[in-house]
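K.L.:
Following this message is one structure expressed as structure tokens.
There are 4 protein chains.
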Amino acid sequence: MTHNIAILGASGYTGAELVRLIATHPSFRIAALSADRKAGMKMAEVYPHLRHLDLPDLVTIDQIDFSKIDLCFCALPHATSQAVIKDLPADVKVVDLSADFRLRDPDAYQKWYGQPHAATELQKQAVYGLTEFYRDGIRTARLVAGTGCNAATGQFALRPLISAGVIDLDEIIVDLKAAASGAGRSLKEHLLAAEMDENVLGYSLGGKHRHLGEFDQEFSKLAGRKVEIQFTPHLIPATRGILLTAYVKGDPQAIQDAMESAYTNEPFIEVLPFGTAPAMKHVRGSNFCHIGVVADRRDGRAIVIATLDNLCKGSSGQAIQNANLMLGEEETAGLMLAPLYP
Amino acid sequence: MTHNIAILGASGYTGAELVRLIATHPSFRIAALSADRKAGMKMAEVYPHLRHLDLPDLVTIDQIDFSKIDLCFCALPHATSQAVIKDLPADVKVVDLSADFRLRDPDAYQKWYGQPHAATELQKQAVYGLTEFYRDGIRTARLVAGTGCNAATGQFALRPLISAGVIDLDEIIVDLKAAASGAGRSLKEHLLAAEMDENVLGYSLGGKHRHLGEFDQEFSKLAGRKVEIQFTPHLIPATRGILLTAYVKGDPQAIQDAMESAYTNEPFIEVLPFGTAPAMKHVRGSNFCHIGVVADRRDGRAIVIATLDNLCKGSSGQAIQNANLMLGEEETAGLMLAPLYP
Amino acid sequence: MTHNIAILGASGYTGAELVRLIATHPSFRIAALSADRKAGMKMAEVYPHLRHLDLPDLVTIDQIDFSKIDLCFCALPHATSQAVIKDLPADVKVVDLSADFRLRDPDAYQKWYGQPHAATELQKQAVYGLTEFYRDGIRTARLVAGTGCNAATGQFALRPLISAGVIDLDEIIVDLKAAASGAGRSLKEHLLAAEMDENVLGYSLGGKHRHLGEFDQEFSKLAGRKVEIQFTPHLIPATRGILLTAYVKGDPQAIQDAMESAYTNEPFIEVLPFGTAPAMKHVRGSNFCHIGVVADRRDGRAIVIATLDNLCKGSSGQAIQNANLMLGEEETAGLMLAPLYP
Amino acid sequence: MTHNIAILGASGYTGAELVRLIATHPSFRIAALSADRKAGMKMAEVYPHLRHLDLPDLVTIDQIDFSKIDLCFCALPHATSQAVIKDLPADVKVVDLSADFRLRDPDAYQKWYGQPHAATELQKQAVYGLTEFYRDGIRTARLVAGTGCNAATGQFALRPLISAGVIDLDEIIVDLKAAASGAGRSLKEHLLAAEMDENVLGYSLGGKHRHLGEFDQEFSKLAGRKVEIQFTPHLIPATRGILLTAYVKGDPQAIQDAMESAYTNEPFIEVLPFGTAPAMKHVRGSNFCHIGVVADRRDGRAIVIATLDNLCKGSSGQAIQNANLMLGEEETAGLMLAPLYP
């Protein structure tokens, strides 16, 4: 059975990534693509790498006939997203890739995003889109909130350890390395090639990164108590990928065991042999997440390294994984593409 | 129908690329992987990005039971390849990715590769693997000789122009920009990251590059007279991709017309609108080739730019395209993956 | 003797490069830095790599007391530059890094830059800033027009050959590879790291690049007849550097001889042994230009490869070289920094 | 006064960096360059970026007349270094860039380097080369042991905090990001451009990196008790540079104060305003080290980020800084080159 798909905000990187993945998806058909400022253009003009595909032209959102759409990916900026989704017909399923429905608590939303939420009713219905941990809810959801890409990586690394009670919840430090595309196709000076090449720098330091809202919400809920991690993201000179190094206190072997046991049947999460470090490039362009656990020389301390492709598993691949569940398809449909290496 | 595939020389980049592509191929099944020096290892140890796949361990060639193999991709070094293929059972179809069977003339082989050919009988049977121009022969061939990646790019840019007689055959200059992976996974100082980063340099200058053997053979055959182009490859700081700028004399519009007419039904060759330049990154990780024609300010001169991914369309993708034909499958089977961008 | 220097437009890359070079110049002292939109800021806020230096704060141009300035580097955008320089006191020497005074013919300026020149009297007085070929004029000039970075590279490669009459003037093809910083610190989508990484593309194709105005002017003047080259620039994934491959017809050894004889006493131009190719990274961060000549396999054809750092020898280094002459200093003062490798 | 300098092991990256820096040093003159396997070659053949310099040809060590040498930089591999230095005339001052004389305890050397030390007498005389903290000893030393580049970065970040007693010594975590050149010009698969591009990975995980020997020795000595930090280096896709993120417990403002007070008169150490993060590219090619302190959202925790150029301040620049002191020159002589940006 073929499902008609609309992508709102198709001119950004996550929009383009959705199209790339759907291009070889067995049962999804792109029926509409919106991009307000580029309405009227062909997708091949905005993204010539997609020119071999037979795609609808870019339109404005109000030009889309949603009665013919089964599911809508919403890849719009934060705040815009909630305003748009509020007005979509109720029988159109929605996977939102923005931050608008990730936080359940309107106060938390206001704290991290600096403005009141404009669709608090919808916010209540949204299911958090970390597929591996919210499968049942996602299957029956009308609205799924895609997670932050950093938030996804951190949760893949830490949720099993919190659940299994094998680490000290007050001593979690996450040092994250993120590639440029995480910031989207936005014209900012620090994202210029001449600035990024040969550069590494920390940003949103000291607990200012918005994905901390997700970490706080999810880890505290999981632990049944307040959990506040330290989180320091760094921009590294690469295009795709997140690699995260978590410093935790606990028995390294117990940590490895908890990790293996949590992911043993997961098609996209690969736990490496104990003591092995994953590499960011080994998941590029794919929906896989590689995780490694290493014992530190100091007793009772371990390093957990997790890596995924921010545009794929961290956002558009995750979105399709969720859409598969919502539409009754195989969860892995269209997502088994092997990473591009080298 | 499932075809059993062996890959000889699976530890190199073209071997890994074959595995990547076959991972989502609908009817190919990897039955054997050889890598002499790494025999006994798991593929996931050599290429951890493939660890989600259920693959046979690496073996030596003589450990393979070829009676169960339908088709064999031979990704071995030049010279080794001919020695190995000579001894394969005659009912195993072979796609060779080395240079060993590209040149029909043993003297030409000796000239460009510095040693006599050791399997001249086989050399006669081999069909040149530029699919778009040798389809009929490939369909019925037992042995197909994959082209050089630079040679493929240049031929996509120039064959239609030579065939249509729209360019001056004595005035063809090809300036090529090639990424690092074209040199394979070999330990050479100039391929180190610290050396390549921020670097561009010409190599095999003045007519020394071996792919000139292919250009000379194919263009002369096509033109019915001796054609000798100028060919200057440059190494550029990137991992995958070839972008080639050809300077030709002829009417630019006639050149565009010849190009469009040659490729109008080709699934993998995209001719851009007249005056448009392709970009290397727009084909990365895919089997597509983008070609653009631009008129120079000087009358009667045009610039033809062609780009493809050296590991995919330039070698392993081409190999699978040929294998599809040899095994009676859809030519595009497993090859419609969209490029990875950004 | 210390010379007081002002830099107008200090917040761009050429401005920052001037500061970098003057930091270790024995007799230049930075007395004023302007940047209209960033006036009031410290240079260390705009360019933290310069924070160890004791520099004046950024100001607007009209805040500068030019009576205390000996020489002014003008790193402003085209068109702005002519308006500003027109109003500077006549006893302030000026090295302009914009395109405003490169072309002597107001019609040529209008053709290539799309608007009439607003300071045609000044235009007449300006001396073209290609130091190695305009030394005498530069020494006594009040206003020197810095060359285009591509134009400089091409002229270093070709002027000696045109002067010596050793190449066919109707058959000159220049294929140029340029790094990102040539486009300055401007917010353009194609200059984003995520777009440029792993990318190569041609631009201003077919004779549209503005530096052709300089090539036409200089080569025609030198040859005493109209010379129109073919010129195709490509953007390559690097930050600094230009490497240019020129295809010429003529005797390769005569070309090598002409090159060596032209540059034998030049401190910054290195002619490599015959048949040797230069590499872009070998001049990075320096005022040197490396040139190599290679014979093609086809008789009477040669390849000339030249490379320099666009921000240094191609613009700010050249500017200081000229300023040294204008102020009676050693031409090489402050410019003998060795390239940064790797 | 001019000092005659020999560089042993001139064909590696640190050797080339020494030559680059000495090229504009006011009082050092390169009298001899050794490179055993490349003896007989010109330096310009090994490093064409140095071809403008008038340098002695490469020789073997025993071809050098040490009676004419004032100071010898020894950029040889570990173990080789101690064997060579042992035999040098006692009146030749030596700055060793290898690891051979960094550790004072022969057992520690054996533990971290896997073999007994072969020159334990010399080891006792060697002064540890972290200039800012061992100035007096260095001034009068005959043999100075250059520090590890990672070890230098970590000590710049942490020594003032340990000395001032403002951090918890049992809770120091160092997450380090290092560029490729730290591994030298060695032919290793993971250092190939095709492997490193778009890649980030941890290595020597869990306390295996040899520079821990230096951290343990220096921090324990400074604290007067055993201090064992956690140290996780990562390889990032860049050529030069180290950026280190240290997670410490203590009052952030006290940490900032300790840092500022420690470095207030240091010419090469720049402490940024409280809450500011340094960027790796801001020190590239220079002898500067930038340090920033940021308070975490959790009370009593701070993040310290330090960055330097591994080949310059991390090794060859440090070596020249020490040589300046040993030879009675200004400590900053030849080292005030501004960073290369962009």
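Protein chains in written order, with UniProt numbering: chain E, 1 to 342; chain P, 1 to 342; chain D, 1 to 342; chain X, 1 to 342. Idealized CB from N, CA, C, for every residue including glycine. Predicted model only: the values in this text are computed from it and were never measured.
#1: Using a Cβ cut-off of 9 Å, pull out every chain E residue sitting near Lys185 (chain D), in sequence order please.
#2: Can you check whether the C-beta of Ala180 (chain D) is within less than 8 Å of a C-beta belonging to chain E?
#3: When you compare the CB of Leu55 (chain D) with every CB in chain P, is at least one pair closer than 8 Å?
#4: Would you please verify whether the beta carbon of Leu337 (chain E) is less than 8 Å from any beta carbon of chain P?
#5: For Met1 (chain D), which residues of its own chain have a beta-carbon under 7 Å away from its beta-carbon, when the five flanking residues on both sides are left out?
#6: In the DSSP assignment, find the unbroken beta strand (DSSP E) run with Glu270 (chain D) in it and report its ends.
#7: Spatial neighbours of Thr131 (chain X) within its chain, please: C-beta separation below 8 Å, excluding the five flanking residues on both sides.
#8: Expressed to the nearest angstrom, what Euclidean distance is found between the alpha-carbon atoms of Asn144 (chain X) and Tyr263 (chain X)?
#9: I'd like to confirm the pairing. Which residues does DSSP put opposite Pro342 (chain E) in its beta bridges?
#10: Cβ of Ala277 (chain E) within 8 Å of Cβ of Gly202 (chain X)?
#11: Is there contact here, the segment 233 to 252 of chain E with the segment 15 to 34 of chain P, by at least three beta-carbon pairs under 8 Å?
#12: Per DSSP, Gln230 (chain E) is paired with what?
#13: Does the beta carbon of Pro237 (chain E) sit closer than 8 Å to a beta carbon anywhere in chain X?
#14: Nearest CA to the CA of Ala164 (chain E): which residue from E:Asp296, E:Gln256 and E:Leu58?
#15: Given a limit of 7 Å on CB to CB distance, which residues of the segment 284 to 306 of chain X reach chain E?
#16: Using the beta-carbon of each residue, which ones in chain D are nearer than 7 Å to Asp175 (chain P)?
#17: So with Cβ pairs under 8 Å, would you call residue 430 (chain P) a contact of chain E?
#18: For Gln155 (chain P), count neighbouring C-beta atoms within 10 Å of its own C-beta (all shown protein chains included) and say buried if the count is 16 or more, exposed if not.
#19: Would you say Ala35 (chain D) faces chain X, with C-beta separation under 8 Å as the test?
#20: Are Leu311 (chain X) and Ile291 (chain X) close, meaning C-beta to C-beta below 8 Å?
#21: Give me, in chain order, the residues of the same chain whose beta-carbon lies closer than 8 Å to that of Glu17 (chain P); leave out the 5 immediate sequence neighbours on both sides.
#22: Nearest by alpha-carbon distance to Ala79 (chain E): which of E:Leu50, E:His209, E:Asp251 and E:Ala99 is it?
#23: Would you decide whether Gln115 (chain X) is buried or exposed? Buried here means 16 or more other CB atoms lie within 10 Å of its CB.
#24: Which residues of chain D have a Cβ atom closer than 9 Å to the Cβ of Tyr47 (chain X), listed in chain order?
#25: From the beta carbon of Asn199 (chain D), is the nearest beta carbon of chain P less than 8 Å away?
#26: If you drop the 5 nearest sequence neighbours on each side, which residues of the same chain put their C-beta closer than 7 Å to that of Lys249 (chain X)?
#27: Going along chain E in order, which residues have a C-beta closer than 9 Å to the C-beta of Glu260 (chain X)?
#28: Given a cut-off of 8 Å, decide if Gln230 (chain X) and Asp296 (chain E) are closer than it, judged by their beta-carbon atoms.
#29: Using 8 Å for Cβ pairs, my map puts Ser181 (chain X) next to Pro342 (chain D). What's the rounded Cβ distance?
#30: Ile303 (chain E) lies in the beta strand (DSSP E); which residues open and close that run?
#31: With a 10 Å radius around its C-beta and 16 neighbouring C-beta atoms as the bar for buried, classify Gly129 (chain X) as buried or exposed.
#32: According to DSSP, is Asp96 (chain D) part of a helix, a strand, or is it coil?
#33: Candidates X:Ala119, X:Ala157 and X:Lys68: which alpha carbon is nearest Phe133 (chain X)'s?
#34: Using 8 Å as the threshold, is the segment 204 to 215 of chain D in touch with the segment 203 to 223 of chain P, meaning 3 or more CB pairs across them?
#35: Might you give, ordered along the chain, the residues of its own chain that have their beta carbon closer than 7 Å to the beta carbon of Thr60 (chain P), omitting 5 neighbours on each side?
#36: Return helix, strand or coil for residue 346 (chain E), following the three-state DSSP convention.
P.N.:
In short, the structure shows the following:
#1: Sequence check: residue 185 (chain D) is Arg here, not Lys. By Cβ distance, chain E contributes Glu189, Leu192, Ala194 and Glu195.
#2: The beta carbon of Ala180 (chain D) falls within 8 Å of a beta carbon belonging to chain E, placing the residue at that interface.
#3: Not one chain P Cβ lies under 8 Å of Leu55 (chain D).
#4: Taking 8 Å as the CB threshold, Leu337 (chain E) lines the interface with chain P.
#5: Contacts found: Ser27.
#6: Note, Glu270 (chain D): beta strand (DSSP E), Ile269 to Val271.
#7: Only Ile138, Gln318, Gln321, Asn322, Leu325 and Glu331 meet the Cβ criterion.
#8: Sequence inspection shows Val at residue 144 (chain X); the Asn mentioned does not correspond to that position. Rounded to whole angstroms, the separation of the alpha carbons of Tyr263 (chain X) and Val144 (chain X) is 22 Å.
#9: Looking at the DSSP assignment, Pro342 (chain E) forms no beta bridge with any residue, so it has no partner.
#10: Yes; because the gap between Cβ atoms is below 8 Å, this pair is in contact.
#11: Contact annotation: the segment 233 to 252 of chain E does not touch the segment 15 to 34 of chain P, with fewer than three C-beta pairs closer than 8 Å.
#12: DSSP output for Gln230 (chain E) lists E:Ile173 as bridge partner(s).
#13: Yes, its Cβ sits closer than 8 Å to a Cβ of chain X.
#14: Looking at the Cα atoms, E:Gln256 is the closest of the given residues.
#15: Correct list: Arg284, Val294, Ala295, Asp296, Arg297, Arg298, Arg301, Ile303 and Ile305.
#16: Here the neighbours are Asp175 and Thr245.
#17: Nothing in the structure corresponds to residue 430 (chain P), since chain P is present only between 1 and 342.
#18: So Gln155 (chain P) ends up on the buried side.
#19: With 8 Å as the cut-off, Ala35 (chain D) does not count as an interface residue toward chain X.
#20: Not a contact, by the Cβ cut-off of 8 Å.
#21: Only residues of its own chain outside the window of five on either side were considered, and among them Leu311, Cys312, Ser315, Ser316 and Gly317 have a CB closer than 8 Å to the CB of Glu17 (chain P), listed in chain order.
#22: Distances from the alpha-carbon of Ala79 (chain E) to those of E:Leu50, E:His209, E:Asp251 and E:Ala99 put E:Ala99 closest.
#23: With a 10 Å radius around the Cβ and a threshold of 16 neighbouring Cβ atoms, Gln115 (chain X) comes out exposed.
#24: Per Cβ cutoff of 9 Å: His282 and Tyr341.
#25: Yes, Asn199 (chain D) lies at the interface with chain P (some Cβ there is under 8 Å from its Cβ).
#26: Cβ neighbours of Lys249 (chain X) beyond the five flanking positions: Ile167, Asp168, Glu171, Gly300 and Arg301.
#27: Neighbours of Glu260 (chain X) on chain E: none; closest Cβ ~18 Å, over 9 Å.
#28: Yes. Within cutoff.
#29: Correct: roughly 6 Å between the Cβ atoms.
#30: For Ile303 (chain E), the uninterrupted beta strand (DSSP E) segment begins and ends at Arg301 to Leu308.
#31: So Gly129 (chain X) counts as buried.
#32: DSSP places Asp96 (chain D) in the strand class (E or B) of the three-state scheme.
#33: For Phe133 (chain X), the closest C-alpha among the options X:Ala119, X:Ala157 and X:Lys68 is that of X:Ala157.
#34: Under the three-pair Cβ rule at 8 Å, the segment 204 to 215 of chain D does not count as touching the segment 203 to 223 of chain P.
#35: Within the same chain, Ser34, Asp36 and Ala39 come within 7 Å of Thr60 (chain P) by CB-CB distance, once the 5 residues on both sides are set aside.
#36: Within the shown structure, residues of chain E are numbered from 1 to 342, placing residue 346 (chain E) beyond reach of any answer.
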